[in-house]
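Below: one structure, written as structure tokens.
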Amino acid sequence: MKALSVRQPWAWAIIYALKNVENRGWPIHYRGDILIHAAKTCTKKDYQLAREFCHSMGVVIPELISLRRGQVIGIVTIVDCKFSQVASGWGMPEQYHWKLENPREITPIPYIGRLALSVAEGLGIFEVPDDLVMEVAA
């Protein structure tokens, strides 16, 4: 199954706080279910900036120490992708807004993900063996 690495606390927000847009610098043509992998790295500075943004959206995120990292934490459905020059809700300006629906928590799966910063780096999309997913998503 396809998976996407997302830094915390954004991964948490997708699954638990109805974050319905993933901001990326490139479009995605895939539509359907994708695993959300909570990346292993998260700096205190990045966490604090994300915390402030989430607060502005009316979302209180857990403390950094309690957020799962280096694990697949849920499944979400990608239903659309559009470039936007303006900010809107969870969407940042000058980004592709991947429209997300139907977030589902799963039993966490420890897994090494893959973050990517550009198309040349493989988009941050990777495959997780179906047998690992079927055990926890059934």
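Each residue of the sequence shown is one higher than the one before, counting from 0 in numbering that gives the first Met the number 0.
From the three backbone atoms N, C-alpha and C, an ideal C-beta is built for every residue, glycine too.
All figures in this text were calculated on a predicted structure; none of them were measured in a lab.
Rounded to a whole number of angstroms, what is the C-alpha to C-alpha distance between residue i and residue j?
i	j	result
Glu-51	Arg-103	25 Å
Ile-27	Glu-62	31 Å
Glu-93	Ser-87	11 Å
Ile-13	Asn-19	7 Å
Tyr-95	Ala-16	20 Å
Ile-69	His-36	Here the sequence assigns Gly to residue 69, which means Ile is not the residue at that position. If I take the Cα positions, the gap works out to 7 Å.
Asn-7	Pro-107	For the sequence presented, residue 7 should be read as Gln rather than Asn. Approximately 14 Å, taken between the alpha carbons.
Lys-39	Ala-10	11 Å
Gly-57	Cys-41	22 Å
When DSSP labels each residue in this structure, what does residue i get in the three-state scheme?
i	result
Cys-41	coil
Ile-27	coil
Val-20	strand
Val-5	strand
Ala-12	helix
Got a sec? Which residues, its chain only, sit under 7 Å from residue i by beta carbon, not counting five neighbours each side?
i	result
Asp-129	Met-0
Asn-22	Gly-90, Met-91, Gln-94, His-96
Under 8 Å Cβ to Cβ from residue i, same chain only, skipping five residues before and after it: list those, please.
i	result
Ile-33	Met-0, Lys-1, Ala-2, Leu-3, Ile-74, Val-75, Thr-76, Ile-77, Ile-124
Gln-140	Since the displayed the chain opens at 0 and closes at 137, residue 140 lies outside it and no answer follows.
Original post:
Residue ranges of each alpha helix (DSSP H) run of no fewer than 4 residues wholly in the stretch 35-118, ordered along the chain?
Top reply: 43-55
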